[in-house]
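Notes to accompany the following structure.
2 protein chains.
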Amino acid sequence: MKKTLISNGIFIANKEDKTSIKGCMVIEGSQITYIGTEVPEPLESYDEVIDGTNKLYMPGLVNTHGHAAMSLLRGYGDDLALQVWLEEKMWPMEGKFTSQDVKWGTRLSILEMIKGGTTTFVDMYDHMNEVALAVEESGMRGVLTRGVIGLCPPDVQTAKLNEATEFAKNWHGKADGRITTMMSPHAPYTCPPDYIERIVQAAHDLNLPIHTHMSETRREVEGNVEQYGVRPVAHLEKLGVFSRPTLVAHGVHLNDEEIAILKQYDVRVSHNPGSNLKLASGVARLPELLRSGVKVSLGTDGAASNNNLDMFEEMRLAALIHKGVTGDPLAIPAKEALLLGTRMGAESIWLEDVGLLEIGMKADFIALDIDQPHFLPKTDFVSHIVYSACAKDVVDVCVDGTWIVRKGECLTLDEEKIKREFEICFDRLKG
Amino acid sequence: MKKTLISNGIFIANKEDKTSIKGCMVIEGSQITYIGTEVPEPLESYDEVIDGTNKLYMPGLVNTHGHAAMSLLRGYGDDLALQVWLEEKMWPMEGKFTSQDVKWGTRLSILEMIKGGTTTFVDMYDHMNEVALAVEESGMRGVLTRGVIGLCPPDVQTAKLNEATEFAKNWHGKADGRITTMMSPHAPYTCPPDYIERIVQAAHDLNLPIHTHMSETRREVEGNVEQYGVRPVAHLEKLGVFSRPTLVAHGVHLNDEEIAILKQYDVRVSHNPGSNLKLASGVARLPELLRSGVKVSLGTDGAASNNNLDMFEEMRLAALIHKGVTGDPLAIPAKEALLLGTRMGAESIWLEDVGLLEIGMKADFIALDIDQPHFLPKTDFVSHIVYSACAKDVVDVCVDGTWIVRKGECLTLDEEKIKREFEICFDRLKG
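From first to last, the protein sequence lines stand for chains P and H. The first sequence: position 386 = 386 (the UniProt record's numbering), numbered continuously. The second sequence: position 225 = 225 (the UniProt record's numbering), numbered continuously.
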C-alpha cells in the first residue's frame, strides 16, 4: 500500500482547540493515517515525500446539489425570473439534450469542480450513466441520482422510475465506492403525489436516500398550498418522503414549524446561496436552520443559475449574506461556513469518513497556493479560506488517496478534448 | 509613439448595440485609437503585434473606495460588529502604523489589485506620500486622499488638515497624470462640524473633490440624529460638503429624501457590498439609487473588511444580492454590474477618459484567459465576467498604454520583496 508524507504544510484540522496545524500528514492507501507537527517515521519509509511549503491543506469541498450537464446552458438566458427561465429557456434546450450532451457537459463541470477543489458532488439529472462514467474516470466522488419529472403519461412515468431504479441499483458502491446513489422526485410541483409515493417505495426497496428540490420559491410554496392545501414540507411528510433519509435542495421559504419538522426527521438541507440570489428566489433562513440543529450543507446548483461551480464562493456567500441581511455580524462565522462546505457536506450525503483531515478519514483533500498577496498576513487561515480564497487558488487535489490534480493540471481527464467536444455539443444545441 | 495591435481577441465594447466584438484593438501611446473587426493597417506598421486568441479584453476595473494599507489587518478580528471591530481591533493596531507599514501594506494591496485586473483605485488613509510613491512605481492609476479624523485637539486638527492639503496639492496630476487627489473628512461621526467646514474650504481653495464615509451603519445614522438633530445627508449638505464634487462611501442607510438630495447635488456613491455584508452593516438600496439617477460605483473597502480586493467579486455581489433581497431577478443585470465596476467607477471619480474600450479613451484595459471551463460556452461574455470570472482569470494588464502585468506576472513591482517586507511589518505590529 502506497505511503505518502506531506511535510512543512499548514493543515486545517477541524478540531475544537486549534484551526490549523503546521506540520505533516501521512496518507496510506485511501486513508489519512497521521496528522501532526512531527514527521512520524524516517523519510525512507515513504513511497513519496511531498514538500508542503507555502501550501494550505484542507478537506476537499463537498457540493451537495447540482446538475453538472447544465454547464451547456451557462450564460443562456440570464437575468430572468425562475419560472420564465425554466419554462422558456432551460427546459426547451434541455429537451434537446442527448446522452452525448450530458457526457461532455458533465465532464466540463467535473473539470471545473476538481480543478477548483471540489472532491465530492451530488448530481441530479438525466442520462445518468454518462455522469457515472465521468465520475469513475475523473477519480472524484459522486452521489448520483436520476431526477424524475412526473408531468407525463403513466407509462412514461413508469419508464422513468424504472430507469432511475436501474441506475441507482447498478451504480451504488461502484468506482471503488466513490459512487453512491439516491432516488429523486424532481420537486413536489413537478411530480404528482402518487408518483412521489412510488418513488419513496422504490427508495425503501433499494434502501437508498431521497433527494429533491423543495421550497425554492415563494410561488412554489403558494402553488403547493393552492393545489394540495398544505405547504411543501407537510406535503412531502404526508407522502412518506421523510421516512427515508432525505436531502432537500434550497429550502429557502420555510416557516418555524417546517424547520422543526425537518429537524424531527433529520432531513438535510442543501443551501444554494448563489443560485437563490441569482434567480431572486430569496435568502434562506440559514442561521435559524443551524440553530435548530438541522444539518445544512452547500451546493452550487447548475452552472446555468450560478454561473460557476466555485464552492469557495458558496462558502463566502453563506458567510456574508446572512450577516448583511440579519444585521448580525456573528450570524455565520468563517469557521461554520467552512464546515458547511466540507464536513457537514459529507455528513449531509451520508459519507461518514469524508470531510475532515483526521486519522482514519478518507484522503480527500486539496492544497491551496498561499504564497500570494491575498493569503497574507499568515493569521487566520480559516478566515482566509472563506473570505479571501477562490477556486483558482487550488493547486493539488487528492481523492480516496489518489492525486487527480497536481500543479493545477487535471491528471485523469483530457481537458482539451473535453472543451472541444463541449463546444461541438453547444453549437448543435443552439442550432 | 509606440503603436500596438491586439488581434484575434474578444473585446467588451460598452456600446448599446452589441456587448462584445471579435476583432482588433490598436493602442498608440496612452490611448486606444482603434477598435473593430478588421486590422486597420498592415502588420508592419505596428511596433508590437499581440495575438489575442483565447483572451477576453475589457476595461480595467475601478475600485472607488479602500484603504490599501489595511491588508496588514486582513483576517485580524473577523466576525465582530463594526464598532467593536473598529474600536477594539482596527484602531489600536492602526495607531501603531508607521510610514513603513503603509509603504508595504499598500504595495501588497496594489500587487493584489493589479494582478486581479484593477487599474484604478481610490485610497483614503494616512502616510499618503508612501501610497503616492507606490502608485507611481506600480504604473496603476490612483485617486488619493489623506483621510482626517477630527476627534483631537485643535492644533492636531490643524496639523492634519495642513498635511492633507499639502499632500493633495503636491501630488495632484503627478505620475504622468495617473495620480489625482481629493480632500477627506473621514466621516460625519469622526469629524466635528466646524472641522468639516474647514476641510470643505480647503477643497474649494484647491479646487478638489471631497471623499468621505457616510451612512454606513444604522447606528451611525441614529447617532447623527441624536447629536445633530438631522441624518448624515442633511448634516453634510448643511456643512457645505456637497458644494464640492463629492464621492461618499457606503450609503447603506438612505431614505428616499436623502437619495433625492444626493441626486440633486450629483453626489457619487461608492457601493461596497462585500464590506457591508461582512460587517453586517446592511444592504444598500442600490436599485433605488440607480433608478433615481445617482451615479454609483463599486469599492472593496480595506482588506480587513472584505477580505480580498477582487473587484469581480464586488460586481458579482452587486448583481446577486439585490436580486435575492428584492425578489426582482432584473434588479441589477450583469451589464449594469459591469458598468458599475468600470465606466461608472471612472466617472464617479471624474476620470472622463477611463473605463471604456473606445477610440480616444485611455488604454486602461485587462485581458482574461477564457480558455477555461467556466468561460464556456462562448455565449454571453458580459454574463461570464460578472457571474463566473474572478481576479485570478486576469493575465495581462495595461494602464495608460503601458503593460504592468503580462502572463500573470507584475512587471513593475518586486513581488517577493513586497511579501517579505510585509511579513516583517506584520510581525512587528502584532508584537
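Backbone N, C-alpha and C define an ideal beta-carbon position, used for all residues, glycine too.
Host alpha helix (DSSP H) of residue i (start-end)
| i | result |
| --- | --- |
| P:Ile261 | Asp256 to Gln264 |
| P:Tyr195 | Pro193 to Leu206 |
| P:Ala134 | Met128 to Ser138 |
| residue 439 of chain H | This structure does not reach residue 439 of chain H, given that chain H is present from 1 up to 431, and the question cannot be answered. |
| P:Trp91 | Trp91 to Gly95 |
| H:His186 | Note, H:His186: premise wrong, no alpha helix (DSSP H); not H, not E. |
| H:Ile424 | Glu415 to Lys430 |
Neighbourhood of residue i by C-beta distance below 8 Å, restricted to the same chain and skipping five residues each side
| i | result |
| --- | --- |
| H:Glu237 | Ile261 and Tyr265 |
| P:Met214 | Ala187, Pro188, Pro232, Val233, Leu236, Val248, Ala249, His250 and Gly251 |
| P:Val39 | Leu5, Ser7 and Cys24 |
| H:Asp380 | Thr19 and Ala334 |
| P:Leu429 | Leu72, Met93, Lys96, Phe97 and Asp101 |
Range covered by the beta strand (DSSP E) that runs through residue i
| i | result |
| --- | --- |
| P:Ser352 | Ser is not the amino acid found at residue 352 of chain P; the sequence shown has Glu there. First-last for P:Glu352: undefined, no H or E at that position. |
| H:His271 | Arg268 to His271 |
| P:Met214 | Ile210 to Met214 |
| P:Ile114 | From DSSP, P:Ile114 is part of no beta strand (DSSP E) but of the alpha helix (DSSP H) over Ser99 to Lys115. |
| H:Arg406 | Thr402 to Arg406 |
Neighbourhood of residue i by C-beta distance below 7 Å, restricted to the same chain and skipping five residues each side
| i | result |
| --- | --- |
| H:Ser30 | Lys362, Ala363, Asp400 and Gly401 |
| H:Leu111 | Cys410, Leu413, Glu415 and Ile418 |
| H:Met90 | Leu73 and Ala304 |
| H:Val325 | Val283 |
| H:Met315 | Leu298, Ala337, Leu338, Leu340, Gly341 and Val386 |
Contact set between residue i and chain P, taken where Cβ atoms lie within less than 9 Å
| i | result |
| --- | --- |
| H:Arg406 | Residues of chain P passing the Cβ test: none, with the nearest at roughly 18 Å. |
| H:Phe426 | Leu376, Pro377, Lys378 and Thr379 |
| H:Ser270 | Simply none; closest approach about 17 Å. |
| H:Phe422 | Pro373, Leu376 and Pro377 |
| H:Tyr125 | Ordered by position in chain P, no residue passes the 9 Å Cβ test against H:Tyr125, which lies about 17 Å from the chain. |
Residue i, DSSP secondary structure in three states
| i | result |
| --- | --- |
| H:Lys169 | helix |
| P:Tyr46 | coil |
| H:Tyr34 | strand |
| P:Leu144 | strand |
| H:His374 | helix |
| P:Leu392 | The question names Leu, but residue 392 of chain P is Lys in the sequence shown. P:Lys392: helix per DSSP, three-state reduction. |
| P:Leu80 | coil |
| residue 451 of chain H | Because chain H here runs from 1 to 431, residue 451 of chain H falls outside it and cannot be looked at. |
| P:Val296 | strand |
| P:Val283 | coil |
Contacts that residue i makes with chain P (C-beta to C-beta distance below 8 Å)
| i | result |
| --- | --- |
| H:Asp396 | None at all; the shortest Cβ gap to chain P is about 16 Å. |
| H:His384 | Arg74, Gly75 and Asn307 |
| H:Ile321 | Leu277, Ile321 and Gly324 |
| H:Leu254 | Chain P residues near H:Leu254: none, gap ~16 Å exceeds 8 Å. |
Residue of the options minimising C-alpha distance to residue i
| i | options | result |
| --- | --- | --- |
| P:Gly341 | P:Thr33, P:Gly116 and P:Tyr46 | P:Gly116 |
| H:Cys390 | H:Ile114, H:Ile259, H:Pro193 and H:Glu226 | H:Ile114 |
| H:Phe422 | H:Ser109, H:Ser270 and H:Lys2 | H:Ser109 |
| P:Ser45 | P:Gly173, P:Pro192, P:Val397 and P:Lys3 | P:Lys3 |
| P:His253 | P:Pro245, P:Leu239, P:Val225 and P:Val241 | P:Val225 |
| P:Leu82 | P:Lys323, P:Arg343, P:Asp47 and P:Leu277 | P:Leu277 |
| P:Val135 | P:Lys103, P:Leu317 and P:Val386 | P:Lys103 |
| P:Thr106 | P:Ser99, P:Leu309 and P:Ala69 | P:Ala69 |
| P:Gln227 | P:Pro193, P:Thr300 and P:Leu286 | P:Pro193 |
| H:Asp176 | H:Arg218, H:Thr190, H:Arg285 and H:Leu133 | H:Leu133 |
| residue 432 of chain P | P:Leu56, P:Gly9, P:Arg420 and P:Pro59 | Lying outside 1 to 431, the shown extent of chain P, residue 432 of chain P is not represented and no answer is given. |
| P:Asp123 | P:Leu239, P:Ile332, P:Leu309 and P:Arg291 | P:Leu309 |
| P:Pro329 | H:Leu144, H:Pro329, H:Glu313 and H:Asn306 | H:Asn306 |
C-beta neighbour in chain A for residue i, strict 7 Å
| i | result |
| --- | --- |
| H:Ser20 | No chain A appears in the structure shown, which is made up of the protein chains P and H. |
Contacts of residue i in chain H (Cβ-Cβ under 7 Å)
| i | result |
| --- | --- |
| P:Val325 | Val283 and Val325 |
| P:Leu330 | Asp79 |
| P:Cys390 | Cys390 and Lys392 |
Same chain only: Cβ atoms within 6 Å of residue i, ignoring 5 sequence neighbours per side
| i | result |
| --- | --- |
| P:Asp353 | Met361 and Lys362 |
| H:Phe426 | Leu72 |
| H:Ala203 | Met183, Ile210 and Arg244 |
| H:Glu258 | Val233 |
Chain H contact residues for residue i, given Cβ-Cβ distances below 8 Å
| i | result |
| --- | --- |
| P:Tyr57 | Those within 8 Å of P:Tyr57 in chain H number zero; the least Cβ separation is about 18 Å. |
| P:Pro333 | Asp78 and Asp79 |
| residue 435 of chain P | Nothing can be reported for residue 435 of chain P, as the shown portion of chain P is limited to 1 through 431. |
Residue i: contacting residues in chain P (beta-carbon distance under 7 Å)
| i | result |
| --- | --- |
| H:Glu288 | By Cβ distance, chain P contributes nothing, its closest Cβ being about 16 Å from H:Glu288, past 7 Å. |
| H:Glu112 | Pro373 and His374 |
Chain H contact residues for residue i, given Cβ-Cβ distances below 9 Å
| i | result |
| --- | --- |
| P:Ala68 | Those within 9 Å of P:Ala68 in chain H number zero; the least Cβ separation is about 11 Å. |
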